[in-house]
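Structure first, then comments.
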């Protein structure tokens, strides 16, 4: 289906450092001169770093409370935040899907406490942000003694388990965000082996993600009429589909964008991840990044989420970023899961008339949000000086479209080489 574009869709070019002022990606990746356009799939054995990978559930994680048989009453909330009327919330950007809410609670107040036969102790805090579809926890002054651990999870048996968090947290600063758990309840479980505890921690605030129905971010252009022409990427099987991650991050509120795994000359599976600067622009934001892998349908237009999708927490390091050309290069704190694909790329200038395609997650919200499945757009480069970028490609889509959550997604040529990153544009009408 051909779509009309109110404004150009623009992608930052992947150009070499020898072109002054343009995106210098080749000089940022080790051994990159030996690599152009080569992709590679991660082996099936998953390997992660020491930071919390966030890819385990209550069903397959032996939490301290389960190990000692402590009965946690999820109905006994330590703190309950009232329902939030999202109509009263001012959104800062079209891709915002949640807000942060202040919480006044510490590890020593309003908690369920269990003393085990071996002298160890378990303290449980239950925080409810009424009506949220997802909740994350912002820790400050986090300083645990040796042997102490903190976990964050939701009430469901298949809830993701974030942790264990130890010492001064995953970044060593005493401040961090946990991964996001589905539902309006976050359970914080604090385990200590003896009475000799560290300084504990402070829960400063929680994130409150809006439900998909009944509100949330609006179109960037209120008068735009969305077309029913988003194209399911599963209709075009391609290894590159598994290079794309849907990202959730906190920037004084919860936001969504898209990013892509990039290969380098060493092909050593270093998790380089490319997105837009207007998504992730600082190290503080990068540390909150969560990636949803394989967030795709089971088959063309099935509307059913793949059962092997992965929610990866742990954040990232910001290696390079530039606002004028709107890109950010991250290195994820944890390795990509088995089956993920590292995209090849090229720094060669693409000419007008070049046929290209994009892979992206057009909307936000938590699983299983239908509009968030991986989509594919196809079109042609019509200009190499995009209207919203000094140096960028203008793309006129002939199939599919992009939306706010698509920001940061990749653009590929017919050789499967990534050539750009989505920066700006508008919904089609």
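In our numbering, the protein residues as written are 193 to 621. All C-beta atoms in this analysis are idealised placements derived from N, C-alpha and C, irrespective of residue type, glycine included.
Along the region 347-391, the beta strand (DSSP E) occurs as fully enclosed runs of 3 or more residues at 352-357, 377-384, listed in sequence order. If the five residues before and after residue 397 are omitted, its C-beta is found closer than 7 Å to the C-beta atoms of 292, 293, 294, 295, 330, all from its own chain and listed in chain order.
Secondary structure note for residue 343: its beta strand (DSSP E) is the uninterrupted segment 341-345.
The shortest C-alpha to C-alpha distance from residue 402 to any of 427, 373, 428 is the one to 373.
With a minimum length of 3 residues, the unbroken runs of beta strand (DSSP E) contained wholly in the region 311-339 fall at 313-321, 326-335. For residue 323 and residue 553, the gap between their C-alpha atoms comes out near 24 Å.
Separation of residue 506 and residue 438 (C-alpha to C-alpha, rounded to the nearest whole angstrom) is 14 Å.
For residue 477, the enclosing alpha helix (DSSP H) starts and ends at 475-478.
One Cα belongs to residue 340, the other to residue 358, and the distance between them is close to 6 Å. Here residue 534 is bridged, per DSSP, to 232. The three-state reading of DSSP puts residue 266 in coil, since its state is none of H, G, I, E or B. Beta-bridge analysis with DSSP links residue 549 to 570, 604. Between the alpha carbons of residue 573 and residue 478 lies a distance of about 31 Å. Residue pairing by DSSP places residue 424 opposite 567 in a beta bridge. When 575, 495, 592 are compared, the shortest CA-CA separation from residue 584 is found for 575. A direct Cα-Cα distance of roughly 19 Å separates residue 495 from residue 503. Around the Cβ of residue 275, a 10 Å sphere holds fewer than 16 other Cβ atoms; the residue is exposed. Cβ neighbours of residue 445 within its own chain (closer than 8 Å, five residues either side excluded): 284, 288, 290, 291, 292, 399. DSSP places residue 303 outside any beta strand (DSSP E), giving it a letter other than H or E. Per the DSSP secondary-structure output, residue 485 pairs in a beta bridge with 502.
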